[in-house]
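135 is the number of the first residue of the sequence shown in the working numbering; add one for each residue after it.
Here a beta-carbon is modelled for each residue, glycine too, at the ideal position from N, C-alpha and C.
All values derive from a computational prediction rather than experimental measurement.
Below is one structure, written out as structure tokens; the observations come after it.
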Amino acid sequence: MNLSPHEVASNILTQAEYSANHQLYSEAFAPTNIALCKYWGKRNSQLNLPVNDSLSISLGSFGSHTKIFCSSSSSYDAIWLNEAQVDSSSVFYQRIMKHVGLFREYLPRKTINIQTKNNMATSAGLASSASGFAALTQALANLCGFNLSKKSLSILSRLGSGSACRSIFSGFVRWHKGNDEDGMDSYAQPLDIQWPELGIGILTLINQQKKISSRDGMARTVETSQLYNSWPKQAERDIEELETAIRTHNFQKLGQTAECNALAMHATMISSNPPLLYWQSETVSAMQATWKLREQGLPVYFTMDAGPNPKLIFETKHQGIIKKEFPKVKIVQPFNHAMDK
Ligand code: PMV
Numbered sequence: 135m136n137l138s139p140h141e142v143a144s145n146i147l148t149q150a151e152y153s154a155n156h157q158l159y160s161e162a163f164a165p166t167n168i169a170l171c172k173y174w175g176k177r178n179s180q181l182n183l184p185v186n187d188s189l190s191i192s193l194g195s196f197g198s199h200t201k202i203f204c205s206s207s208s209s210y211d212a213i214w215l216n217e218a219q220v221d222s223s224s225v226f227y228q229r230i231m232k233h234v235g236l237f238r239e240y241l242p243r244k245t246i247n248i249q250t251k252n253n254m255a256t257s258a259g260l261a262s263s264a265s266g267f268a269a270l271t272q273a274l275a276n277l278c279g280f281n282l283s284k285k286s287l288s289i290l291s292r293l294g295s296g297s298a299c300r301s302i303f304s305g306f307v308r309w310h311k312g313n314d315e316d317g318m319d320s321y322a323q324p325l326d327i328q329w330p331e332l333g334i335g336i337l338t339l340i341n342q343q344k345k346i347s348s349r350d351g352m353a354r355t356v357e358t359s360q361l362y363n364s365w366p367k368q369a370e371r372d373i374e375e376l377e378t379a380i381r382t383h384n385f386q387k388l389g390q391t392a393e394c395n396a397l398a399m400h401a402t403m404i405s406s407n408p409p410l411l412y413w414q415s416e417t418v419s420a421m422q423a424t425w426k427l428r429e430q431g432l433p434v435y436f437t438m439d440a441g442p443n444p445k446l447i448f449e450t451k452h453q454g455i456i457k458k459e460f461p462k463v464k465i466v467q468p469f470n471h472a473m474d475k
């Protein structure tokens, strides 16, 4: 039984609590998330079902804010990203409209105008598609009058972009890969653990659209990398170590495991054919600077998604030195948003 995304969405929406009092406008915010144990590889690319469980941290006030206006006066759907209108022939427009298609029959009017703003670099490995699809899914559900559980929102967001299923929640989040063919057991859940002393440093070294999307990079790696075979086992081991480190507040274990996991994922990309290297010279310099600080006794680690921009992981008591060593860093305290710098 190979269900399409539309069939999965229909199964969820036809059983959901529904209010006929839908509005013509809705908005939603979703945080971006950084994976500490990465999602890399799909067992079903239609439904974005992953090969392995993954674990992330949501970045508080950094994310996507999406507004949707519905009308019958316009003859076409429009998308605005960061105040610029998106070309309707672009891949980005098509992807968003495919997701809107899951809700199309429930929209209160024929056409929609989507306005989304990201307060972090778009498509430079800062997980903007995760927050974007999570915010879009929530705004669409509200617009159509559905009162959905977080689990359903997580599953529907995954259909737009895998990592978006984690952006429905704040704090530490685990995405269970699930085993069912229709993916109804593949959704994210928050770990009920606070870690107020945890700091994440966003280094926007390169603010350019990446040439190869994570979607294409993932597919190429799974198809061609000889190292990919070792990935699911490593991810399985790392995620358990990370969860234990989080539950026991073992910072060193958390940092070491997250950094190792990111480098292992990048190793599978580098060994694919043709090779895939998201790093730039600035990326390597930042990695080396992190290692040097560690040699000098400062517990700081990095992780990196499919892009050139590392994210630093440290304890907030060291944020003064981090700011001095990385003047461009943007500091996020995932459990203390008021302190985001
Ligand atoms: O959800 P996608 O298709 O943008 O893939 C995200 C992949 C990584 O960011 C590299 C890893 C992850 O778990 O977020």
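Exercise. What whole-angstrom Cβ distance do N247 and A212 have, given they're in contact under 8 Å?
Worked result: Here residue 247 refers to the residue found at position 113 when the sequence shown is read from its first residue. Here residue 212 refers to the residue found at position 78 when the sequence shown is read from its first residue. Indeed, because the Cβ distance is near 5 Å, the residues count as touching under 8 Å.
Problem set entry | Stretch pair the stretch 377 to 393 + the stretch 423 to 442: three plus CB contacts closer than 8 Å | yes
For this session: With a 10 Å radius around its C-beta and 16 neighbouring C-beta atoms as the bar for buried, classify L411 as buried or exposed.
Result: Position 277 of the sequence shown, counted from the first residue, corresponds to residue 411. Exposed, since its Cβ has fewer than 16 Cβ neighbours within 10 Å.
Exercise. What is the residue span of the beta strand (DSSP E) that V466 lies within?
Worked result: Indexing the sequence shown from 1 puts residue 466 at position 332. K464 to V466 is the extent of the beta strand (DSSP E) around V466.
For this session: May I ask whether a heavy atom of the ligand PMV can be found less than 8 Å away from the beta carbon of S406?
Result: Numbered from 1 along the sequence shown, position 272 holds the residue referred to as residue 406. No, the ligand PMV has no heavy atom inside 8 Å of this Cβ.
Problem set entry | Nearest candidate by alpha-carbon position, reference G305, set E377, S283 and Q360 | Taking the sequence shown and counting its residues from 1, the one referred to as residue 305 is at position 171. The shortest Cα separation from G305 among E377, S283 and Q360 belongs to E377.
Exercise. Taking just the CA atoms, how far does P165 sit from L193?
Worked result: In the sequence shown, counting from the first residue as 1, residue 193 sits at position 59. In the sequence shown, counting from the first residue as 1, residue 165 sits at position 31. Their Cα atoms are separated by approximately 6 Å.
Exercise. Since I289 is in the alpha helix (DSSP H), which residue starts that stretch and which ends it?
Worked result: Translated into positions along the sequence shown, residue 289 becomes position 155. Note, I289: alpha helix (DSSP H), K284 to G294.
For this session: Evaluate R300 with the Cβ neighbour count: other Cβ atoms within 10 Å of its Cβ, from every protein chain shown; 16 or more gives buried, anything less gives exposed.
Result: Counted from its first residue, the sequence shown places residue 300 at position 166. The residue in question, R300, is buried, as its Cβ has 16 or more Cβ neighbours within 10 Å.
Exercise. Which value, in whole angstroms, describes the spacing of the CA atoms of L313 and V418?
Worked result: Numbered from 1 along the sequence shown, position 179 holds the residue referred to as residue 313. Numbered from 1 along the sequence shown, position 284 holds the residue referred to as residue 418. The residue you asked about is not Leu; residue 313 is Asn in the sequence shown. In a straight line, the C-alpha of N313 is about 37 Å away from that of V418.
For this session: Just tell me which of C204, W214 and D316 has its CA closest to the CA of N145.
Result: Translated into the one-based positions of the sequence shown, residue 145 becomes position 11. When only C-alpha atoms are compared, the closest one is D316.
Problem set entry | Own chain, CB closer than 8 Å to H310, minus 5 neighbours either side, in chain order | The sequence position of residue 310 within the sequence shown is 176, counting from 1. Result list for H310: D187, D319, S320, Y321, A322 and Q323, in chain order.
Exercise. Based on Cα-Cα distance, which residue from W214, L236 and L282 lies nearest to F226?
Worked result: Here residue 226 corresponds to residue number 92 of the sequence shown, with the count starting at 1. Among W214, L236 and L282, the Cα nearest to that of F226 belongs to W214.
Exercise. What are the residues that DSSP puts in a beta bridge with N247?
Worked result: Counted from its first residue, the sequence shown places residue 247 at position 113. Beta-bridge pairing links N247 to F203 and A212.
Exercise. Of all the options N363, W329, L241 and K172, which has the alpha carbon lying nearest to the alpha carbon of A298?
Worked result: The count along the sequence shown starts at 1 and reaches residue 298 at position 164. It is K172.
For this session: Compare the C-alpha of M231 against each of N216, T271 and S265 and name the closest.
Result: Here residue 231 corresponds to residue number 97 of the sequence shown, with the count starting at 1. When only C-alpha atoms are compared, the closest one is T271.
For this session: Whole angstroms is fine: what's the gap from E480's alpha carbon to T402's?
Result: As shown, the chain starts at 135 and ends at 475. That puts residue 480 outside it, with no answer to give.
Exercise. Excluding five sequence neighbours on each side, which residues of the same chain lie with their C-beta closer than 8 Å to the C-beta of Q328?
Worked result: As a first step, residue 328 is located in the sequence shown; it is residue number 194 there, counting from the start. The residues are G305 and F469.
Problem set entry | Closest residue to Q342 among F385, S262 and V307 (Cα-Cα distance) | For the purposes of this step, residue 342 is taken as the residue at position 208 of the sequence shown. Considering only alpha carbons, the answer is S262.
Problem set entry | Proximity below 9 Å, CB of V185 to CB of I289 | Position 51 of the sequence shown, counted from the first residue, corresponds to residue 185. Position 155 of the sequence shown, counted from the first residue, corresponds to residue 289. Contact: no.
Exercise. W413 to G441, Cα distance in whole Å?
Worked result: Position 279 of the sequence shown holds residue 413. Position 307 of the sequence shown holds residue 441. Distance between the alpha carbons of W413 and G441 is about 7 Å.
For this session: Run the CB neighbour count on S179, radius 10 Å, all protein chains shown included, and call it buried at 16 or more, exposed below.
Result: Locating residue 179 in the sequence shown gives position 45, where the first residue counts as 1. So S179 counts as exposed.
For this session: Using 8 Å as the cut-off, classify the Cβ of Y159 as near or not near the heavy atoms of the ligand NAD, replying yes or no.
Result: The ligand content of the structure shown is limited to the ligand PMV, which means the ligand NAD is not among them.
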